[in-house]
Amino acid sequence: MERRIRHGCGALALGLLLTVGCTAGGDEADDGSGGGEVPEAGEGDGLGIVLDADRLPVNRAQAVELAETIVARPETFGPGFVEVPDRDDDPGQWAVLDENCVWVRETVPDEVLAGLTGYAELPAEEGAGPLGVTVVVTVHRDARSAEWQMAGTVEDALRCPDQQLRPDEWVSGLISLGMGFGEIGNFFAEDFLTETGSFHSGEAGGPHDFEWMRARLGPLTVAVSAKGAEGRTREEVTEAATRASGLMLSRAETELAGEPVGIDEGEGKKR
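Per mature numbering (1 follows the signal peptide of the UniProt record, and there is no 0): the sequence shown = residues -24 to -1, 1 to 247.
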């Protein structure tokens, strides 16, 4: 596989998300299947990379190793974030939105090699509740399977604008927007999706700001969700999500292109 992509960064993702926040209310959701011409080598502005087919994982062990290298750690989201003990740490399972709009854990299908989920939190402080962040890295057998996951996510938001996350947590009023490479400023992923809505919980009340985004590079997708709380600003929620998304995309590009990680915020390892 040789797809040339511009190197992504958290700042660019933040700019895109702010643009989407101003326009999503009047736009129709894209099908997430990708669009726009991908520049050939030497064309276009910015730094291009070519994904190396020889570095793509072919079994679960390799997929888990890649996911562990890419997944964002608590320090990625900003000062003060701490890790929340793993609750869904089986790489052979992933989250699926069922017919009742409830998220459940199921065994990954054959076309998915592994999924890795991590949790972090900015603890409650005077005048502000806890800000929770979830990150997910999913490694598919091929890019087509990852494309279907992206398209299915857009359909999920259209089918279920209100979703049950956990028994005492839910989101409402989700607005979803998908864009292929080169669309609406997306020059950092082959496909990019973003959702905004309101977060509610039995403990934290609500509504609070909710941000979610997923990006695809070849057969790999990275996703981040950030859940606000009383006293937390939308900017805090957005920054936590975009910092993690940008870092994971950068690590993914580096790993799949075979270049050194060279990023301060993490402990990326070579495969």
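Each residue gets a CB set at the ideal place from its N, CA and C atoms; glycine is no exception.
Query: Quick one: measure Cβ to Cβ for Gln140 and Trp79, integer angstroms, because I've assumed they're closer than 8 Å.; Result: 6 Å
Query: Just to confirm, are Ala48 and Gly108 a CB contact at a threshold of 8 Å?; Result: no
Query: Nearest CA to the CA of Ala29: which residue from Asn76, Gly207, Pro195 and Ser226?; Result: Pro195
Query: Determine, using beta carbons only, whether Gly54 and Glu215 come nearer to each other than 8 Å.; Result: yes
Query: Pro236 to Met126, Cα distance in whole Å?; Result: Reliability of the predicted coordinates at Pro236 is poor, the pLDDT of 42 falling under 50, and the value obtained from them is presented with this limitation in mind. Each residue's alpha carbon lies about 28 Å from the other.
Query: For Asp167, write down the residues that DSSP places opposite it in a beta bridge.; Result: Gly156 and Arg192
Query: Helix, strand or coil for Ala205 per DSSP?; Result: coil
Query: Helix, strand or coil for Leu42? Go by DSSP, reduced to three states.; Result: helix
Query: Is Ser201 near His176, with beta carbons less than 8 Å apart?; Result: no
Query: Taking all protein chains shown into account, decide if Arg120 is buried (16 or more other Cβ within 10 angstroms of its Cβ) or exposed.; Result: exposed
Query: Let me check understanding here. Comparing Cα to Cα, which of Glu229, Glu102 and Ala104 lies closest to Ala191?; Result: Glu229
Query: Between the alpha carbons of Gly105 and Leu73, how many angstroms are there, rounded?; Result: 27 Å
Query: How far does the beta strand (DSSP E) with Val109 in it reach, from first residue to last?; Result: Leu107 to His116
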